[in-house]
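Taken in order, the sequence shown gives residues -29 to -1, 1 to 150; the numbers are from mature numbering (1 follows the signal peptide of the UniProt record, and there is no 0). Every residue, glycine too, gets a C-beta built ideally from N, C-alpha and C. Predicted model, so just to flag it, every value in this text is computed and none were measured. Read the structure below first, then the notes.
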Amino acid sequence: MRQNFLRVAGPKAAVVLLTSLLLALLAVGAGVSTGAESKEPITIEADSMISLDNKNTILFSGNVDANQGDVRILSDEMTVYYKNNSEQERREIDKLKCVGNVEMTRGDWRGTGRQMDYLAAKRKVIITGDAKAWQGENLVSGATMHYYLDEGRSEVFGDQPDTPEGQGNGRVKATIIPR
């Protein structure tokens, strides 16, 4: 069947199909959610913490390790931004910003990059700076990745065409290991 598809559609169509399948798998791995884990407690450990109540933020620095359900985020620094209208006792997270050696895992899915933003209202994760994601042995990489957790949709973007030499080739790359 594979040979017939390649013969009829051509190798470029096969690459597009395989890349689409990989991205769909990565989106599932990244956390298509029923919202159940959003009710689970969040634990964050770090070397230090600074709370800025007047700015509705908490900064965690040094070996940050955050967990909620089966999601784990590691980074050098994490800033938690709360909604302005949140009560002091029951704050609601607006967004997270992680910087430095960012790694997010969920099951057998793992994503890495230099920075990660999580936008709670949109349930959207943005990984930037040499962004890579693995689902098992399969890999997709680019400059930026967007995961829409509730939609099961992901987007990967390459660097800009004028990227300086040695900083990527401006393209998205997928490596798919056949079974």
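By the C-beta density criterion, Ala92 is exposed, having fewer than 16 other C-beta atoms within 10 angstroms.
Asp47 is not a Cβ neighbour of Asn25, given a cutoff of 8 Å. For the set Gly33, Cys69 and Thr83, the Cα lying nearest the Cα of Asp101 is the one of Thr83. If you check the CB distance, Ala145 and Gly129 do not come in under 8 Å. Shortest Cα-Cα distance from Leu120 to any of Asn109, Lys95 and Thr99 involves Lys95. Val73: member of the beta strand (DSSP E) spanning Ile64 to Arg77, first to last residue.
In the DSSP assignment, Ala104 falls within the beta strand (DSSP E) that extends over Lys95 to Gln106. As computed with DSSP, Gly84 is found in a beta bridge with Val73. With 16 or more neighbouring CB atoms inside 10 Å of its own CB, Ile98 falls in the buried class.
In chain order, Gly129 place their CB closer than 7 Å to the CB of Arg142, counting only its own chain and leaving out the 5 sequence neighbours on each side. CA-CA distance, Ile15 to Gln39, rounds to 9 Å. Secondary structure at Lys10: helix, using DSSP grouped into helix, strand and coil. Here Leu45 is near Glu74, since their CB atoms are less than 8 Å apart. It is roughly 20 Å from the alpha-carbon of Glu126 to the alpha-carbon of Lys66. Within its own chain, the residues whose Cβ lies closer than 7 Å to the Cβ of Val70, once the five positions on either side in sequence are excluded, are Ser46, Asp47, Glu48 and Gln86, listed in chain order.
If you check the CB distance, Glu63 and Tyr53 come in under 8 Å. Minimum Cα-Cα distance from Asp79 among the listed residues Asp36, Asn55 and Glu108 corresponds to Glu108.
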